[in-house]
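The structure under discussion appears below in the form of structure tokens.
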Amino acid sequence: MTVKTPLYEEHVALEGRIVDFAGYFLPVQYPTGVIAEHMAVREKAGLFDVSHMGEVTFKGRDALANINRIFTNDYTNLKIGKVRYGVMCYENGGCVDDLIVYRRGEDDFFVVVNASNRFKDVEWIKEHLEGEVEFEDVSDSYAQIALQGPLSGEILGKYTELPERYYSYIDSEILGKKVIVSQTGYTGEYGFEIYCAPEDAPEIWREILKDERVIPCGLGARDTLRLEASMPLYGHEMDETITPLETGLDYGVKMNKEFIGRDAIAAKTDNRHRIGIKVTGRGIAREHCDVYMNGEKIGHTTSGTHCPYLKGAYAMALVDQAYEPGTKLEVDVRGRRIEGEVTALPFYKRGQK
Amino acid sequence: MKTPEELKYSKTHEWVRFISETEAEVGLSDFAQDALGDLVFVNLPEPDAEAVKGETICDVESVKAVSDVYAPVSGTVTEVNEELLDAPEKINSDPYGAWLFRLTDVSDTDDLMDAEAYKAHCEAEAH
């Protein structure tokens, strides 16, 4: 079943090219095209409908203990008003999903998960709850809009106070409507995500788009932006067969505490590594291309495309060991071996021109 | 959506401009470039390559995906448009100027459509 987000009519009116993504009708691009949308976010501002994202809440005396046991990061010292990344693992150390946690109160957490994993995540969490905790899937009560780009603060600041720091949030109002505004995003750029009631989303969306410096952006640009910023995506850089350490998420995995999957991750000795590849030959390496070094297969690409801001083809790959930047390798693209070299992640970092 | 009257078209959205009875230029239609989105890479055929009608002759890539280009007729490649290697976006901005390759000894032309028939074909495909 495919459902419409609260902004569906807006996408149609803006002539978005609608596709079915994770069970939601969403625009892959607008008539401006993926490259213009990507560049808008790097240089000015772009507006995304990310209402498909799932939201769940943990409340009660044992809420913290539950998220600390089910998620890989440690949320004990997460302050109210702050946001922290994490992963949820199976017993074998593979990933159920990755997520971000908002601390709403001492015993109150708001967690954002991937749309494509929502129902699986909810099942998994319910099976592992312990003690006094009230868990709820509140996805259908929230729309989410992301305003991303260097001008996003100036633009959104016309309507509301802003959270001052990266990975923090405030409760506020936009056009008299209750919202949560966080300084978060999935583009590698300065920007904000706005959570609101579904019925309030169209008015907020239209109001922000009145500013000529903003253009609407689709899923296509969302993917090229996150890839250019080397942010992992579930189903690509991580899945049930890949541990979060293999994909380089060490900062979000606290091995000095107990969590589901910890022992398997600690015991694993044949860890692979996520590397970045810049394609130096002619062509574009996409996902599932075999990667070779000196004729030996060392792994495969997990995502890859032409990165519009960097103006070149880049890919991320999961390979047998860590390699130094500059190491030459080859990628098999539809039967053709194309030259590339190992490049430090992230490919793009904000502020680097 | 432009579909110039003087060109012929294939069901797979290539256009053919006849230079003489046996020589032709091939490119991608406006409908094709719009459906593909921003093109960022072109893999052209080798000069002297044999084009066999209906078979893959080269490919083009958008940020999202790689797409095969099919030979709309049979023939032998005499020339490729190397300008596109560094400027694949010309296929988006000027689809009927951005020819991909030229053919000689052109044959198997029976299935080509005129502009009117091709427009109807695109409309059917868009729904």
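Chains as they are written, first to last, in my numbering: chain L, 143 to 495; chain C, 79 to 205.
Where is the CB? At the ideal position from N, CA and C, for every residue including glycine.
- Between valine 176 (chain L) and chain C, the shortest Cβ-Cβ separation is below 8 Å.
- At least 8 Å separates the beta-carbon of aspartate 240 (chain L) from that of valine 254 (chain L).
- Counting every other CB atom within 10 Å of its CB across the protein chains shown gives leucine 452 (chain L) a total below 16, marking it as exposed.
- Contact residues of the region 127 to 157 of chain C toward chain L are Asp137, Glu139, Ser140, Val141, Lys142, Ala143 and Val144 (C-beta to C-beta distance below 9 Å).
- Cβ neighbours of leucine 106 (chain C) within its own chain (closer than 8 Å, five residues either side excluded): His91, Glu92, Trp93, Leu114, Val138, Val147, Ile169, Pro173, Ala176 and Leu178.
- In the DSSP annotation of this structure, the continuous segment of the alpha helix (DSSP H) that includes proline 344 (chain L) starts and ends at 343 to 351.
- Bridge pairing for valine 170 (chain L): absent [DSSP].
- Histidine 270 (chain L) has a beta carbon lying at 8 Å or more from every beta carbon in chain C.
- Taking each of C:Ala102, C:Lys86 and C:Ser171 in turn and checking the Cα distance to valine 184 (chain C), the smallest one comes out for C:Ala102.
- In terms of Cα proximity to cysteine 449 (chain L), the closest of L:Gly362, L:Asp279 and L:Leu293 is L:Gly362.
- The Cβ-Cβ distance between phenylalanine 200 (chain L) and valine 275 (chain L) falls below 8 Å.
- Of the candidates L:Gly390, L:Met435 and L:Glu157, L:Gly390 places its Cα closest to the Cα of asparagine 413 (chain L).
- Under the 10 Å beta carbon count, glutamate 124 (chain C) is surrounded by fewer than 16 other beta carbons and is classified as exposed.
- Here glycine 196 (chain L) is buried: its Cβ has 16 or more other Cβ atoms, across all protein chains shown, within 10 Å.
- Rounded to whole angstroms, the separation of the alpha carbons of leucine 367 (chain L) and threonine 443 (chain L) is 17 Å.
- Check the Cα spacing between glycine 360 (chain L) and each of C:Pro82, C:Val141, C:Lys131 and C:Ser98: the tightest is with C:Val141.
- Neighbours of proline 169 (chain L) in chain C, taken as residues whose beta carbon is under 8 Å from its own, are absent, since the nearest beta carbon is some 12 Å off.
- The CB of aspartate 116 (chain C) comes closer than 7 Å to the CB of Gly175, Val176 and Ile177 in chain L, given here in chain order.
- Linking valine 118 (chain C) to glutamate 167 (chain C) through their CA atoms gives a straight-line distance of about 6 Å.
- Taken through DSSP and simplified to helix, strand or coil, tryptophan 266 (chain L) comes out as helix.
- Going by C-alpha positions, glutamine 463 (chain L) is about 51 Å away from threonine 182 (chain C).
- Within chain L, the residues whose beta carbon sits less than 9 Å from that of phenylalanine 119 (chain C) are Arg424, Gly425, Ile426, His448 and Ala455, listed in sequence order.
- Distance from the CA atom of valine 151 (chain C) to the CA atom of phenylalanine 252 (chain L), rounded to whole angstroms, is 59 Å.
- Annotation: the region 433 to 465 of chain L contains the following complete segments of the beta strand (DSSP E) (minimum length 3 residues), in chain order: 438 to 449 and 454 to 461.
- Chain order gives no chain C residues near threonine 326 (chain L), where near means a beta carbon separation below 8 Å; the closest approach is about 24 Å.
- Aspartate 116 (chain C): not part of any alpha helix (DSSP H); DSSP gives it neither H nor E.
- Scanning chain C for C-beta atoms nearer than 9 Å to the C-beta of threonine 147 (chain L) yields nothing, as the closest lies near 21 Å away.
- The beta carbon of glycine 362 (chain L) falls within 8 Å of a beta carbon belonging to chain C, placing the residue at that interface.
- At least one beta carbon of chain C lies nearer than 8 Å to the beta carbon of threonine 366 (chain L).
- Under the three-pair Cβ rule at 8 Å, the region 255 to 267 of chain L counts as touching the region 163 to 173 of chain L.
- Given a length threshold of 4 residues, each whole run of the alpha helix (DSSP H) inside the region 174 to 224 of chain L is given here in chain order: 176 to 185 and 205 to 212.
- Between the alpha carbons of valine 280 (chain L) and glycine 327 (chain L) lies a distance of about 20 Å.
- Non-local beta-carbon contacts of lysine 399 (chain L) in its own chain, meaning distances under 7 Å to residues more than five positions away in sequence, involve Asn210 and Asp216 in chain order.
- If you draw a straight line from the Cα of alanine 427 (chain L) to the Cα of valine 144 (chain C), it comes to about 10 Å.
- Only residues of its own chain outside the window of five on either side were considered, and among them Ile480 and Glu481 have a CB closer than 6 Å to the CB of glycine 423 (chain L), listed in chain order.
- For alanine 127 (chain C), same chain residues with a beta-carbon under 6 Å away, outside a window of 5 residues either side, are Val155 in chain order.
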